[in-house]
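What the sequence shown shows, in the working numbering, is residues 563 to 1219, in sequence order.
Even glycine gets a Cβ: it sits at the ideal position worked out from N, Cα and C.
Accompanying notes for the structure given below.
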Amino acid sequence: MKSLWNEQEAAQFQGDVAQRVYTSRLLGREPALVMHGGGNTSVKSQVTNIFGEKESVLFVKGSGWDLETIEAAGFAPCRMDHLLRLATLETLSDPQMAVELRKSLTDVGAPAPSVEAILHAILPARFVDHTHADAILTVTNSPRGEERIREIFGDRLVVIPYVMPGFKLARLCAELYPKQAGPRTVGMLLMNHGLFSFGDTAKVAYERMVELVTEAEDYLARHGALGQNARRGARLAPATRAPIADIAQLRRAVSDAAGVPMILSVHGDEAALEFARRPDVRKITQQGPATPDHVIRTKRIPLVGRDVTAYGAAYRRYFAEHGNASLTMLDPAPRVILDQDLGLCTVGRTAKDAAIVEDIYRHTMDIIANATALGGWIALPPRDIFEVEYWDLEQAKLRKSGAPPAFAGEVALVTGAASGIGKACVASFLAQGAAVVGVDVSAAVVDLHKRRDYLGIACDLTIESQISAVLERAVNAFGGLDMLILNAGIFPKSALVAALSSDTWRTTMSINLDANLVLLRECHALLRLSMRGGRVVIVGSKNVAAPGPGAAAYSASKAALHQLARVAALEWGEDRIRINTLHPNAVFDTGIWTPEVLAARAASYNMSVEEYKTNNVLKVEVSSQDVARLAAELCGPLFAKTTGAQIPVDGGNIRVI
Ligand code: ZN
């Protein structure tokens, strides 16, 4: 591991807190040092209060901030004397400690201080860095761990035996540190937990962390215990390609166990498959977490015909900071599933949560594989795991969390997602908490959103093999499909029937009708596995009820699609799949309606643009967002008992009414 310190960059960060921000970000950039929510940093400084007096303050990482992206506002200023007095108390429950940490703040708007704030306060150096580095955990969690630590670091580290994070640990460190520390001390190691380094400048503390971890890495390398699991690399061909319905079935089983819909992501890359296919995978993975941060529960779930090792990997900070996890905290659903065919499957209440579990477990796989090579993997005693699980502080935080969004844990697929109504639908479903797959013939769909709950795929829906590829990627990303929004369509150039070319007719039918049949057919097996019942929204058209001259191909294709949807509604009711159709009209905020086109059309009716846009019974303008919101509503509980319906969203049309 190399120091990322750069003098020029560092010079742009003036002052204690700014320097603290800079090296915290450097730590955050090194995944072998800190994962999501893991690790924290501090600096001891002074602030002037309203009375003009100087106060000694510990600026410590606040909860909810990631080291990689932290700002000055992410550090909570705690009065040092308050923290140091807390460390002298005989006992303090963890919820009480959280309250006291808040009381120590000099700024009431600051984030909640890290639960490890007292640990930072008692260390007698200005800058303190703390990580749960992979290499350190690999050594501490192998046989003769403490002996090996002494062998590597000699008397440069104070070594604290394992205690659950919280007040008890702070108290123990306050007691043991002064007894063990000597002139050569540069850090403090917490067995089975992580490492503290410190110094009088941000650079010294940071570079010591890098050096100490590098020494542990070198030790592992000398003992053939580094890089023992394959790197995350090219995707291997699965031994037997799992049908997507199998993955959806697995997600359903996990969701049923959790009691709520869950996102399941499949990672079939080399590192994941190699680990999942180890002959000793059951033995090494069923022993508990890498650190108290990692895991809560172990449980296997049965899946017919497939060797599944389910491994509950939940994560204290993940639960604390992802509020809606209260149900999953207490449920028996696994967070990680290792499967010989699929590789690594990670589960979360949202796609982001599943991605965090993935990051954590990739580190866990490396640590376990390396520690196994070092002589064996030793996890924490079961009692400690239990304490982590029911850690009252975390429980207290969880109780404060609000209700999850309507579509949390669910997956929606939107066609024609790059623009207009489809684009608005993507935003609408994302806003309601769904993971969304956006599909469009335009490549713009790929980068429509940069977030882990969005997957954009460019695809020609008239080619069946491309639809299969879309569904395979969608199911591997999120585990299944709950909602399908069939929006893609074309409006061909106006042509009277007497002059309508066969090509125009066929092209219109192939996109507006045939592609939707294929999508419905191929999605059926997925939708019927949706925990709350599958939902399909068809974006129809006013033209179904009120066609216009010159639009025969479009009107006929939409009418046929509408009839297809009605038959599907009849056939799929027993599978709890609801299919409803929206009929928008005169939605002008889409790609085809440029200001010029709009002005020309308005002029041809002798209307102003404003009159033309609101030419309906209610005299209102209908936007893409209006249609998209209604599409989401149709998938929600309000319409739980409605199927086969047609709902206009057109401001009222005299020919339709
Ligand atoms: Zn820690």
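Quiz prompt | CB-CB length for I899 against G1042, believed under 8 Å | solution = Counted from its first residue, the sequence shown places residue 899 at position 337. Counted from its first residue, the sequence shown places residue 1042 at position 480. That pair is no contact at about 14 Å.
Quiz item: Can you pull the DSSP bridge partners for I825?
Solution: Translated into the one-based positions of the sequence shown, residue 825 becomes position 263. Looking at the DSSP assignment, I825 forms a beta bridge with G910.
Quiz item: Mind checking whether D578 and S607 have CB atoms under 8 Å apart?
Solution: On the sequence shown, residue 578 is found 16 positions in, with the first residue counted as 1. On the sequence shown, residue 607 is found 45 positions in, with the first residue counted as 1. Cβ atoms of D578 and S607: closer than 8 Å.
Quiz prompt | Inter-residue Cα distance where the pair is G624 and I922 | solution = Taking the sequence shown and counting its residues from 1, one reaches residue 624 at position 62. Taking the sequence shown and counting its residues from 1, one reaches residue 922 at position 360. In a straight line, the C-alpha of G624 is about 20 Å away from that of I922.
Quiz item: Among D656, P657, A674, S655, which residue has its Cα nearest to the Cα of R664?
Solution: Sequence index remark: in the sequence shown, residue 664 carries index 102 (1-based). Among D656, P657, A674, S655, the Cα nearest to that of R664 is on A674.
Quiz item: Under 8 Å, do D1009 and K914 count as touching if we go by C-beta distance?
Solution: Taking the sequence shown and counting its residues from 1, the one referred to as residue 1009 is at position 447. Taking the sequence shown and counting its residues from 1, the one referred to as residue 914 is at position 352. Cβ distance not < 8 Å, so D1009 and K914 don't count as in contact.
Practice problem: Find the nearest neighbour of A965 within the set V973, G995, T977, judged by alpha-carbon distance. | Solution: As a first step, residue 965 must be located in the sequence shown, where it is residue number 403. When each option's Cα is compared against that of A965, the closest is G995.
Quiz item: Under a three-way DSSP split, which group does D578 fall into?
Solution: Here residue 578 refers to the residue found at position 16 of the sequence shown. In the structure shown, D578 sits in a helix (DSSP, three-state: H, G or I).
Quiz item: Is the Cβ-Cβ distance between V973 and V988 less than 8 Å?
Solution: Taking the first residue of the sequence shown as position 1, residue 973 is located at position 411. Taking the first residue of the sequence shown as position 1, residue 988 is located at position 426. Against a cut-off of 8 Å, the Cβ pair of V988 and V973 comes out as no contact.
Self-check item: Nearest-angstrom Cα separation, counted from A634 out to L667
Solution: Here residue 667 refers to the residue found at position 105 of the sequence shown. Here residue 634 refers to the residue found at position 72 of the sequence shown. It is roughly 15 Å from the alpha-carbon of L667 to the alpha-carbon of A634.
Quiz prompt | Residues near G1214 by beta carbon distance below 7 Å, same chain, minus five either side | solution = One-based indexing of the sequence shown puts residue 1214 at position 652. Closer than 7 Å at Cβ, skipping near neighbours: N1178, V1179, L1180.
Quiz item: How many angstroms separate the CA atom of V822 from the CA atom of M1093?
Solution: Counted from its first residue, the sequence shown places residue 822 at position 260. Counted from its first residue, the sequence shown places residue 1093 at position 531. Each residue's alpha carbon lies about 8 Å from the other.
Quiz item: Looking at the structure shown, is S1056 part of a helix, part of a strand, or coil, going by DSSP?
Solution: One-based indexing of the sequence shown puts residue 1056 at position 494. Here S1056 sits in coil by DSSP.
Quiz item: If you measure from the CB of P727, is any heavy atom of the ligand ZN nearer than 7 Å?
Solution: In the sequence shown, residue 727 corresponds to position 165, counting from 1. Within the cutoff, so yes.
Quiz item: When every heavy atom of the ligand ZN is checked, does at least one fall within less than 7 Å of the C-beta of H1011?
Solution: Looking up residue 1011 in the sequence shown gives position 449. Not under cutoff, so the answer is no.
Practice problem: With DSSP as the reference, please indicate the residues paired to M750 in a beta bridge. | Solution: Locating residue 750 in the sequence shown gives position 188, counting from the first residue. In DSSP, M750 forms a bridge with V720, F758.
Quiz item: Alpha carbon to alpha carbon, what distance is there between L1017 and A917?
Solution: The residue given as residue 917 occupies position 355 in the sequence shown. The residue given as residue 1017 occupies position 455 in the sequence shown. Near 13 Å, if we compare the C-alpha coordinates of L1017 and A917.
Exercise. Report the option in S565, Q811, D696, E569 whose CA atom is closest to the CA atom of E773.
Key: Sequence index remark: in the sequence shown, residue 773 carries index 211 (1-based). The residue with the shortest Cα to Cα distance from E773 is S565.
Quiz item: Tell me the DSSP bridge mates of S604?
Solution: For the purposes of this step, residue 604 is taken as the residue at position 42 of the sequence shown. V622, V690.
Quiz item: Given a threshold of 16 other Cβ atoms within 10 Å of its Cβ, counted over all protein chains shown, does A801 qualify as buried or as exposed?
Solution: Your numbering for residue 801 matches position 239 in the sequence shown. With a pLDDT of 49 at A801, under the threshold of 50, the modelled position of that residue is not reliable, and the figure given next carries that caveat. With fewer than 16 Cβ atoms within 10 Å of its Cβ, A801 is classed as exposed.
Quiz item: Taking the C-alpha atoms as reference points, what is the distance between Q574 and R813?
Solution: Taking the first residue of the sequence shown as position 1, residue 574 is located at position 12. Taking the first residue of the sequence shown as position 1, residue 813 is located at position 251. For Q574 and R813, the distance between alpha carbons rounds to 48 Å.
Quiz item: Any heavy atom of the ligand ZN within a distance shorter than 7 Å of the CB on E678?
Solution: Locating residue 678 in the sequence shown gives position 116, where the first residue counts as 1. Correct: E678 has its Cβ closer than 7 Å to the ligand ZN.
Practice problem: Determine, using beta-carbon pairs with one atom in the region 1099-1112 and one in the region 1159-1173, whether at least three such pairs fall under 8 Å. | Solution: no
Quiz item: Between L826, V1001, A979, K845, which lies nearest to G905 when the distance is taken from Cα to Cα?
Solution: If you number the sequence shown from 1, residue 905 lands on position 343. The candidate whose alpha carbon is nearest that of G905 is L826.
Quiz prompt | Continuous beta strand (DSSP E) stretch holding G1000: start and end | solution = Residue mapping note: residue 1000 aligns to position 438 of the sequence shown, counting from 1. From DSSP, the beta strand (DSSP E) with G1000 extends over 997-1002.
Self-check item: DSSP-derived helix/strand/coil call for C1021
Solution: In the sequence shown, residue 1021 corresponds to position 459, counting from 1. Of the three classes helix, strand and coil, the one that applies to C1021 here is coil, per DSSP.
Exercise. Identify, in the order they occur along the chain, each residue of the same chain with its Cβ nearer than 6 Å to the Cβ of S817, setting aside the five sequence neighbours on each side.
Key: Against the sequence shown, residue 817 aligns to sequence position 255. Closer than 6 Å at Cβ, skipping near neighbours: P823, M824, M1093.
Quiz item: Is there at least one non-hydrogen atom of the ligand ZN closer than 7 Å to the beta-carbon of G749?
Solution: Your numbering for residue 749 matches position 187 in the sequence shown. For the ligand ZN, not one heavy atom lies less than 7 Å from the Cβ of G749.
Quiz item: According to the Cβ coordinates, are D717 and R746 closer than 8 Å?
Solution: In the sequence shown, the residue the question calls residue 717 occupies position 155. In the sequence shown, the residue the question calls residue 746 occupies position 184. Yes, the pair counts as a contact, with Cβ atoms nearer than the cut-off.
Quiz item: Which residues in the same chain have their Cβ closer than 6 Å to the Cβ of A1121, if we skip the five residues on either side of it in sequence?
Solution: On the sequence shown, residue 1121 is found 559 positions in, with the first residue counted as 1. Cβ within range, chain order: V1106.
Quiz item: Beta-carbon separation of G537 and P723 under 8 Å?
Solution: Outside the displayed range of the chain (563 to 1219) lies residue 537, so it cannot be described from this structure.
Quiz item: Is A1113 helix, strand or coil when you go by DSSP?
Solution: As a working note, residue 1113 is residue 551 in the sequence shown. Of the three classes helix, strand and coil, the one that applies to A1113 here is strand, per DSSP.
Exercise. For M1071, collect the residues of the same chain with a Cβ closer than 6 Å to its Cβ; drop the 5 residues on either side in sequence, then sort them by chain order.
Key: As a position in the sequence shown, residue 1071 is number 509, starting the count at 1. Around M1071: S1119.
Practice problem: Sort S604, T631, C640, L629 by Cα distance to S618 and report the nearest one. | Solution: Position 56 of the sequence shown, counting from 1, holds the residue named residue 618. Among S604, T631, C640, L629, the Cα nearest to that of S618 belongs to C640.
Practice problem: Kindly confirm or deny that the region 754-764 and the region 676-691 touch, where touching means at least three C-beta pairs closer than 8 Å. | Solution: Contact holds: three or more Cβ-Cβ distances are below 8 Å.
Exercise. Tell me, to the nearest whole angstrom, how far the beta carbon of A649 is from that of R591; I am working on the premise that it is less than 8 Å.
Key: Mapped onto the sequence shown, residue 649 falls at position 87. Mapped onto the sequence shown, residue 591 falls at position 29. Wrong, their Cβ atoms sit about 32 Å apart, outside the cutoff.
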